[in-house]
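Here the structure is laid out as structure tokens; the discussion comes afterwards.
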Amino acid sequence: MWENNGCLFVQQTKLYSTLIMKQIFGIAIFVFVFPFSVLAETSVEGLLDKVDRLYRSDSSHATMEMKIVTENWERTTVMEVWSRGMNDTLIKILSPRKDKGIKTLKLGNQMWNYFPKINKVLKVPPSMMMNSWMGSDFTNDDLVKENTLAEDYHAKLEEHPSDPNQFYFIVLRPKNETVTVWGKISISIRRQDFMPVEQIYYNEDGEKKRVMEFSGIQQMGGKMIPAVMEMRTLNKNSRTLIRYKSIDFKPVFSKSIFSFSQLRRK
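At position 88 of the sequence shown (counting the first as 1) the number is 543 in the numbering used here, and the numbers step up by one without a gap.
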């Protein structure tokens, strides 16, 4: 009798052990995979990092079209862009003909423009950082600080004002040492795929000044990205659309491309 009961006890013990191990294994997968892909990403730091790295990798090479629309005129510019990490960028204007060959080099928080017609490289001084870049609704400061939101601002994850079930809502306020005209920036991010939808810029008085919208989400270069960005300056009644035509997140190019000598090369 004891032998039968003993065998039954051993079998039950093995069964329970197997079930427990399966549960532990399942929990381990949940803990190590789910938080990394979801919980970590939904922290304010994780969400900001995804926004900062959306169009970047260790390196990237893109072709894009920029269309500027004002009350009196429209202009379309085609440009080629190379980037390295989060800090270095080279932009080369391909068209229109009158602007062809103009280049912008960004190294960290510093920026230079090359104008082929006068064959000169000019550094953009701090006093001109808020000036328009190439007549667009984007400023020189936008290019310099495009990937430093987490460094330059205090970020807080708040409830979305209109649709909290669909969007994450990040509110950014500048740190004391950050030099900026913006008193606040808000970012709306889709919960389903972590894609940014809207970025709003406020002045120090809390007035809405600029709105950037992201659209045209598609796979490019092996990543899902919004292929279209539209920046609207509210008090000027103007807007600038940037449309990615192609992007490669694993390009091969020389490190010397981010240099002053490269600025002068045709």
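Where a beta carbon is used, it is the ideal one built from N, C-alpha and C, also for glycine. In this text, all values refer to a predicted model and were calculated from it rather than measured experimentally.
Candidates H609, S538, E500 and G501: closest to V707 by CA position: In the sequence shown, residue 707 corresponds to position 252, counting from 1. Selected option, being the one with the closest Cα: S538.
Cβ neighbour criterion (16 or more within 10 Å) applied to G578: The residue given as residue 578 occupies position 123 in the sequence shown. Before going further, note that residue 578 is Lys rather than Gly in the sequence given. Result: exposed.
Beta-carbon spacing of D592, M534 below 8 Å: In the sequence shown, residue 592 corresponds to position 137, counting from 1. In the sequence shown, residue 534 corresponds to position 79, counting from 1. No, the Cβ-Cβ distance between D592 and M534 is not below 8 Å.
P681 versus R646 - alpha carbon distance: Counting from 1 along the sequence shown, the entry for residue 681 is found at position 226. Counting from 1 along the sequence shown, the entry for residue 646 is found at position 191. Those two C-alpha atoms are separated by around 15 Å.
Contact belief for G671 with V652 at Cβ below 8 Å, rounded distance in angstroms: Against the sequence shown, residue 671 aligns to sequence position 216. Against the sequence shown, residue 652 aligns to sequence position 197. That pair is no contact at about 12 Å.
F622 versus S515: straight-line alpha-carbon distance, rounded: Counting from one through the sequence shown, the residue named residue 622 turns up at place 167. Counting from one through the sequence shown, the residue named residue 515 turns up at place 60. C-alpha separation (whole angstroms): 28 Å.
C-alpha distance - F704 paired with V536, whole-angstrom precision: Here residue 704 corresponds to residue number 249 of the sequence shown, with the count starting at 1. Here residue 536 corresponds to residue number 81 of the sequence shown, with the count starting at 1. Between F704 and V536, the C-alpha separation is close to 12 Å.
Cβ-based burial, K572 [other Cβ within 10 Å; buried from 16]: Taking the first residue of the sequence shown as 1, we reach residue 572 at position 117. Its Cβ having fewer than 16 others within 10 Å, K572 is exposed.
Run of the alpha helix (DSSP H) containing R698, from where it starts to where it stops: Start at 1 with the first residue of the sequence shown, and residue 698 comes out as number 243. Residue range S693 to D703 is occupied by the beta strand (DSSP E) that includes R698, with no alpha helix (DSSP H) assigned at that position.
Own chain partners of S716 with C-beta closer than 6 Å, once the 5 adjacent residues on each side are dropped: Position 261 of the sequence shown, counted from the first residue, corresponds to residue 716. Within the same chain, S716 has no close Cβ partners at all.
With 16 other Cβ atoms within 10 Å as the buried cut-off, status of W528: As a first step, residue 528 is located in the sequence shown; it is residue number 73 there, counting from the start. By the neighbour-count rule (16 or more Cβ atoms within 10 Å), W528 is not buried but exposed.
Limits of the unbroken beta strand (DSSP E) element including G501: Within the sequence shown, numbered from 1, the residue matching residue 501 stands at position 46. Counting along the chain, G501 falls outside any beta strand (DSSP E), though it belongs to the alpha helix (DSSP H) covering V499 to D507.
Proximal residues to G677 (C-beta, below 7 Å), its chain only, five neighbours per side dropped: In the sequence shown, the residue the question calls residue 677 occupies position 222. Hits under 7 Å: F704.
Buried versus exposed call for Q654 [16 or more other C-beta atoms within 10 Å across all chains shown]: The residue given as residue 654 occupies position 199 in the sequence shown. Label assigned to Q654: buried.
Residue of L612, P629 and S587 minimising C-alpha distance to I523: Indexing the sequence shown from 1 puts residue 523 at position 68. Nearest of L612, P629 and S587 to I523, Cα basis: S587.
Sub-8 Å separation of G563 and N542 beta-carbons: Residue numbering aside, residue 563 sits at position 108 when the sequence shown is read from its first letter. Residue numbering aside, residue 542 sits at position 87 when the sequence shown is read from its first letter. Against a cut-off of 8 Å, the Cβ pair of N542 and G563 comes out as a contact.
Closest Cα partner of F624 within the set A610, T635, S711 and W637: For the purposes of this step, residue 624 is identified with residue 169 of the sequence shown, where counting begins at 1. F624 has its Cα closest to that of A610, out of A610, T635, S711 and W637.
For D543, the first and last residue of its enclosing beta strand (DSSP E): Within the sequence shown, residue 543 is the residue found at index 88, counting from 1. Residues D543 to S550.
As assigned by DSSP and simplified to three states, the class of V599: In the sequence shown, counting from the first residue as 1, residue 599 sits at position 144. Looking at V599 - three-state DSSP - the assignment turns out to be helix.
Contacts around G540, its chain only, beta-carbon distance under 7 Å, and the 5 residues preceding and following it disregarded: As a position in the sequence shown, residue 540 is number 85, starting the count at 1. Answer for G540: D513, listed in chain order.
Own chain, CB closer than 6 Å to T544, minus 5 neighbours either side, in chain order: The residue labelled residue 544 in the question sits at position 89 within the sequence shown. Answer for T544: S538 and K561, listed in chain order.
DSSP three-state assignment for R645, whether helix, strand or coil: Mapped onto the sequence shown, residue 645 falls at position 190. Strand, per DSSP.
R719 versus F713: straight-line alpha-carbon distance, rounded: If you number the sequence shown from 1, residue 719 lands on position 264. If you number the sequence shown from 1, residue 713 lands on position 258. So the alpha carbons of these two residues sit roughly 11 Å apart.
Whole alpha helix (DSSP H) elements within the segment 550-622, 4-residue minimum: 595-599 and 604-607
DSSP bridge partner residues for W537 (one or two, in chain order): Here residue 537 corresponds to residue number 82 of the sequence shown, with the count starting at 1. In DSSP, W537 forms a bridge with H516 and L545.
Buried or exposed by the 16-neighbour rule on C-beta atoms within 10 Å, applied to S693: Along the sequence shown, read from residue 1 onward, the residue named residue 693 stands at position 238. With 16 or more Cβ atoms within 10 Å of its Cβ, S693 is classed as buried.
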